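Protein sequence lines, in the order shown, are assigned to chains A and B. Mapping of the first sequence onto my numbering: position 43 corresponds to residue 25, and the numbering continues sequentially without gaps. Position in the second sequence (from 1) plus 4 gives the number in my numbering. Backbone N, C-alpha and C define an ideal beta-carbon position, used for all residues, glycine too. This one's a predicted model, so the numbers in the text were calculated from it and none came from an experiment. Worksheet for the structure shown next.
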Amino acid sequence: GQSLEQPSEVTAVEGAIVQINCTYQTSGFYGLSWYQQHDGGAPTFLSYNALDGLEETGRFSSFLSRSDSYGYLLLQELQMKDSASYFCAVSGRDDKIIFGKGTRLHILP
Amino acid sequence: KAGVTQTPRYLIKTRGQQVTLSCSPISGHRSVSWYQQTPGQGLQFLFEYFSETQRNKGNFPGRFSGRQFSNSRSEMNVSTLELGDSALYLCASSTMDRGRSDTQYFGPGTRLTVL
């Protein structure tokens, strides 16, 4: 089967850096994705990692270690608008895309 | 390019009724997936359709069904509604380019309340 684990909540201060971890268990693996969802909104795509290493997109970076079945999303220079839920998702051999339960990011001024 | 659209946006039903939700994907996207989102449970995969065929199915009872039309529009149906079916139902479309970027483009969702 497939499962993902990520923290349910994380709190950080505006301007700081925060890391949201995701560990996964899957039969076959294509890649790890991250999505952001604001309250009342739809999830929107942030990043995708298929290979080990760090992918950087502006203030957001995502890391993957396939050997450890682990990844993280790094958010730098936090802004109040980054307050949202963040979901990791994996796609496996059976082509299903499975989402984690999400991490609620609280940002303090 | 227009995004994913879902109708209706809000729906109130009573137990035992059935409901049909509709999703129009981004033009050119042939894959449509459906997810159920409830507080604390994240997004749970319902099913995926590609070229009018169900390609994958999640662990939901047979009361949940769907279909896809030749224009890639998709519908999902829930029969004999239960209180626990109250949720946000999200539709997502993609090019289904597995093995590369699996970007799912989500619609705004349909908020279903079962009384």
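Cysteine 4 of chain A vs leucine -14 of chain A beta-carbon contact at 9 Å: yes
query: Hey, would you say threonine 117 of chain B sits closer than 9 Å to serine 90 of chain B, going by beta carbons?
result: Contact flag set, yes.
Same chain, Cβ closer than 7 Å to glutamine 41 of chain B, five either side skipped, listed in chain order: Leu47, Ala91, Leu92 and Leu94
Residue from A:Phe42, A:Asp77, A:Gly35 and A:Asp76 with nearest C-alpha to leucine 28 of chain A: A:Phe42
- request: Could you round the C-beta distance between leucine 57 of chain A and isoleucine -1 of chain A to whole angstroms and report it? I think they count as a contact, below 8 Å.
  value: 7 Å
field: Cβ shell of isoleucine 79 of chain A (< 6 Å), same chain only, five flanking positions each side left out
entry: Ala71 and Ser73
query: How would you label asparagine 75 of chain B, buried or exposed, when you count the other beta carbons within 10 angstroms and need 16 or more for buried?
result: exposed
message: With a threshold of 9 Å between beta-carbons, can serine 15 of chain A be considered close to chain B, or not?
response: yes
- prompt: Who pairs with glutamine 41 of chain B in a beta bridge, going by DSSP?
  reply: B:Leu47 and B:Leu92
- prompt: Any Cβ of chain A within less than 9 Å of the Cβ of threonine 39 of chain B?
  reply: For clarity, residue 39 of chain B is tyrosine in the given sequence; the question names threonine instead. Yes, tyrosine 39 of chain B lies at the interface with chain A (some Cβ there is under 9 Å from its Cβ).
message: Assuming the contact rule is C-beta atoms closer than 8 Å, glycine 113 of chain B and alanine 24 of chain A should be a hit. Round their C-beta distance to whole Å, please.
response: 6 Å
message: Am I right that serine 31 of chain B and arginine 77 of chain B are in contact with their C-beta atoms under 8 Å? What's the rounded C-beta distance?
response: No, serine 31 of chain B and arginine 77 of chain B are not in contact; Cβ-Cβ is about 11 Å, not under 8 Å.
- prompt: Between the beta-carbon of glutamine 108 of chain B and the beta-carbon of serine 15 of chain A, is there less than 9 Å?
  reply: yes
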